Amino acid sequence: NDIKIKESSKNLVFYPPAECFVSSDKIDVAMENDAVDVYSNSVFEEFIDRKLREKGVDVPIPSKDKIFYYLIRDFVGYGRIDILMRDEDIEDISCDGSTVPVFVYHRRYQSIETNVTFDTPEELNSFVVRLAQICGKQISIYAPIVDGKLPDGSRLQATLAKTVTNESTFTIRRFREDPLTPIDLIENNTMSVEMAAYFWLAIEHGASILFCGGTASGKTSTLNALSLFIPFSHKIVSIEDTREVNLPHKNWIAGTTREGFSTAENEKKGKDIDMFDLIRAGLRQRPRVIIVGEVRGREAYSLFQAMATGHTSYATVHASSIHALIQRLENPPISLPRALLTSLDIIVFINAIPMGKKMVRRITSVTEIIKMDPDTKQLIFMQPFTWVSKVDDRFECTGTSKILTSIRLTNEWDENRLKKELNNRIKVLNWMRENKVRSYTDVAKIISAYYKDSESVLKDPGVVLKKEEEEKEEKKTPEVSKHQETPLEEKKGLGFLQLFKIKKPVTLKSRLPSRKEKKTKQSLLKKDRPVLKKTKEKKPVASNLDEEKEKLKKEREQKREERKRLREQRKLERQRRREQRLMERKAKKQVLTESKPEGLDKKTGIKKAKTLPKKDVEEDIDRILKHVHGKTGKDEINKV
6 NDIKIKESSK
16 NLVFYPPAEC
26 FVSSDKIDVA
36 MENDAVDVYS
46 NSVFEEFIDR
56 KLREKGVDVP
66 IPSKDKIFYY
76 LIRDFVGYGR
86 IDILMRDEDI
96 EDISCDGSTV
106 PVFVYHRRYQ
116 SIETNVTFDT
126 PEELNSFVVR
136 LAQICGKQIS
146 IYAPIVDGKL
156 PDGSRLQATL
166 AKTVTNESTF
176 TIRRFREDPL
186 TPIDLIENNT
196 MSVEMAAYFW
206 LAIEHGASIL
216 FCGGTASGKT
226 STLNALSLFI
236 PFSHKIVSIE
246 DTREVNLPHK
256 NWIAGTTREG
266 FSTAENEKKG
276 KDIDMFDLIR
286 AGLRQRPRVI
296 IVGEVRGREA
306 YSLFQAMATG
316 HTSYATVHAS
326 SIHALIQRLE
336 NPPISLPRAL
346 LTSLDIIVFI
356 NAIPMGKKMV
366 RRITSVTEII
376 KMDPDTKQLI
386 FMQPFTWVSK
396 VDDRFECTGT
406 SKILTSIRLT
416 NEWDENRLKK
426 ELNNRIKVLN
436 WMRENKVRSY
446 TDVAKIISAY
456 YKDSESVLKD
466 PGVVLKKEEE
476 EKEEKKTPEV
486 SKHQETPLEE
496 KKGLGFLQLF
506 KIKKPVTLKS
516 RLPSRKEKKT
526 KQSLLKKDRP
536 VLKKTKEKKP
546 VASNLDEEKE
556 KLKKEREQKR
566 EERKRLREQR
576 KLERQRRREQ
586 RLMERKAKKQ
596 VLTESKPEGL
606 DKKTGIKKAK
616 TLPKKDVEED
626 IDRILKHVHG
636 KTGKDEINKV
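Taking our numbering, the leading residue of the sequence shown gets 6, the next gets one more, and so forth.
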């Protein structure tokens, strides 16, 4: 069948079927099953081409291309929906059964019915099982519901037939390879430039934000885009059911939930790792920023406790208004105390709004929580930004903000300094918008450079990208070796010094050549002598060599003389220093001998001790013995 995507009766896209020119009797169906690692389409094509040659099947070139297309589509790609998965404008792909065609949600034309169908329920069942296996999960009667992530980042939700639904179903939420940036949100009028500068300053100073809205309103996309304003020095921990957040930050830990494993003995599941467990583990990793994909249960209490303890947190929740948000947070299964809501700084409401035939996404209001009234227990709010209406499609700024006031007071700024900081960020955002800097890596590099050196980025934000391009070009260009030889045609007629670029003779101020430099010079001479002799003009080359040899000899003689002279100078210097030391020692001795008073030792200069006469010593000993033993005499003295 022809594959078409249609809106009502108009065909938007038409894909003609491939015509096979090979009869079935030429193809050996019972081919051996060989394991092959399919890393790309080219590897798969080479494998099939080799098998066709082995089996002796002659396939015409036009038919071979079409056969390869279907083989790659069914075995490497996504089968019947492979074309839909390659369309960047398609956001969702859903199938409700084999009897119902596949539906897609287009960015421009919204919900569209296609003529892509599955022939039998068994074919749809096998396709759903294959999608689950691509996600690395198993779907069966025991576990008929699967939430997973495809290799390209798209989210899959699938159910198996006759257990939960009548037939197998699947829904694929497409994932952008290049995530949205604040510049994309400004360009699509999802928010204004002033609002983006406000978010930039608030996120830079650690304000916690909660993104609220309905299904497919753009909550996670807005969160991911504004996360580029997080300083790149901060440690980030993200917690999600299915990976959607994509950040360029290096210090980022991405956590995802998982279901427990079943045991063979008692058929009980192991421990489930839910968001509550991941938040509790994430708080022990000392993060600066915590990102939660969607708040739905008991993990909200841990998240708001983290906000209260000073951790900057960002999360999404399904709510259409501020009152609906409070009711959902205070009632089960979340059951959050109202006092903890004051730890939240900003609440952003995003809605998908129909404007004519299109569905647009707008940040309808930015709400700040000021405080809770102690008497009435009601929260007091402030709205610095609001979206006006469908007719005007513009944003209004009230000019009052608790967050900006606290930032001003913390940094000890005046009103003019605060306005200057906001205007500087508006200037950078407008430059990126005018120069169509849309890639999230480029936007992240400019924001990171602004944090490091704001003045240079304000002068020319494009310098950051130019430097990166220059670095890439330098890496691509191969490094030329120092002794790379020139072609023989260029060597002819060149002198020896010009050919090898030998430095000028060494002067007194310059350093002497090392042994390595001498060896390299000699090796170069040996290598290039036979090459020069083989040239046709032998006489001029030989004469040049003789001249250069003489010059080198003269240089060597000069160097030897210089070395001798330097050695003599060093010897003279050493002798002079020795003589000076001897003179200093003699002078010191003379000073000591002249200044010595009488009664000093000649060698040491210390005063001599008085020597007592022998009589006095004997009298002292007699006195001691008499006091101790009561005896006196020479015998006792001798013993002592």
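Note that CB positions come from ideal geometry on N, CA and C, so glycine has one too.
Note that the structure is predicted; figures quoted are calculated from it, not measured.
Burial state of residue i, where buried means 16 or more other Cβ atoms lie within 10 Å
i, result
"I629", "exposed"
"F80", "exposed"
"D350", "buried"
"E495", "With a pLDDT of only 42 at E495, under the threshold of 50, the placement of this residue in the model should not be trusted, and no figure is reported."
"I66", "exposed"
"R85", "buried"
"K31", "In this prediction, K31 has a pLDDT of 39, which is less than 50 and means its spatial position is unreliable; nothing more can be read from the coordinates."
"H488", "Its pLDDT being 42, under 50, H488 is placed unreliably in this model, and the value from its coordinates should be taken loosely. Classification for H488: exposed."
"G260", "buried"
"T446", "exposed"
"L571", "exposed"
"D625", "exposed"
"L341", "buried"
"M588", "exposed"
"T225", "buried"
Residue span of the alpha helix (DSSP H) that contains residue i, given as start and end
i, result
"G218", "G218 -> not in any alpha helix (DSSP H); beta strand (DSSP E) instead, spanning 214-218."
"D87", "87-91"
"A201", "198-209"
"Y110", "No alpha helix (DSSP H) contains Y110, which is instead part of the beta strand (DSSP E) from 108-111."
"F237", "No alpha helix (DSSP H) contains F237, which DSSP labels as neither H nor E."
"E304", "304-313"
"E264", "From DSSP, E264 is part of no alpha helix (DSSP H); its letter is neither H nor E."
"E249", "Taken as a continuous stretch (DSSP letters only), E249 belongs to no alpha helix (DSSP H), as it is neither H nor E."
"E460", "459-464"
Distance CB(residue i)-CB(residue j) smaller than 7 Å
i, j, result
"W392", "R367", "yes"
"I150", "T164", "yes"
"S197", "F400", "yes"
"I188", "M437", "yes"
"S222", "A357", "yes"
"E172", "S99", "no"
"T1", "F390", "Residue numbering for the chain in the displayed model covers 6 to 645; residue 1 lies beyond these limits and cannot be assessed."
"E264", "D246", "no"
"I352", "L215", "yes"
"I235", "V294", "yes"
"V121", "F175", "no"
"R179", "E96", "yes"
"I331", "S307", "no"
Segment limits, beta strand (DSSP E) that includes residue i
i, result
"A166", "A166 -> no beta strand (DSSP E), and no H or E assigned at all."
"L442", "One point to set straight first is that residue 442 is Val, not Leu, in the sequence displayed. Looking at the DSSP string, V442 is not in any beta strand (DSSP E), and its letter there is neither H nor E."
"A221", "First-last for A221: undefined, no H or E at that position."
"F80", "From DSSP, F80 is part of no beta strand (DSSP E); its letter is neither H nor E."
"L384", "384-392"
"F180", "Taken as a continuous stretch (DSSP letters only), F180 belongs to no beta strand (DSSP E), as it is neither H nor E."
"A357", "351-360"
"V242", "241-245"
"V297", "294-297"
Collapsed DSSP secondary structure at residue i in the structure displayed
i, result
"D97", "strand"
"Q332", "helix"
"W418", "coil"
"T174", "strand"
"A324", "coil"
"V448", "helix"
"A259", "strand"
"L283", "helix"
"I191", "helix"
"T369", "strand"
"D63", "coil"
"V52", "Per the sequence shown, residue 52 should be read as Phe rather than Val. DSSP places F52 in helix when its eight states are reduced to three."
"K376", "strand"
"S453", "helix"
"I339", "coil"
"K276", "coil"
"Q574", "helix"
"K69", "helix"
"F501", "Here F501 scores only 38 on pLDDT, less than 50, and its place in the model should not be relied on; the value that follows carries that caveat. F501: helix per DSSP, three-state reduction."
"V468", "helix"
"S348", "helix"
Test: residue i CB closer than 7 Å to a CB of chain B
i, result
"K472", "Looking for chain B here will not work: only one protein chain is present."
The ligand GDP heavy atom lying under 6 Å from the CB of residue i
i, result
"E335", "With respect to small molecules bound, the structure shown includes none, and the ligand GDP cannot be examined in it."
Complete runs of the alpha helix (DSSP H) confined to the segment 118-171 [at least 4 residues] | 126-139
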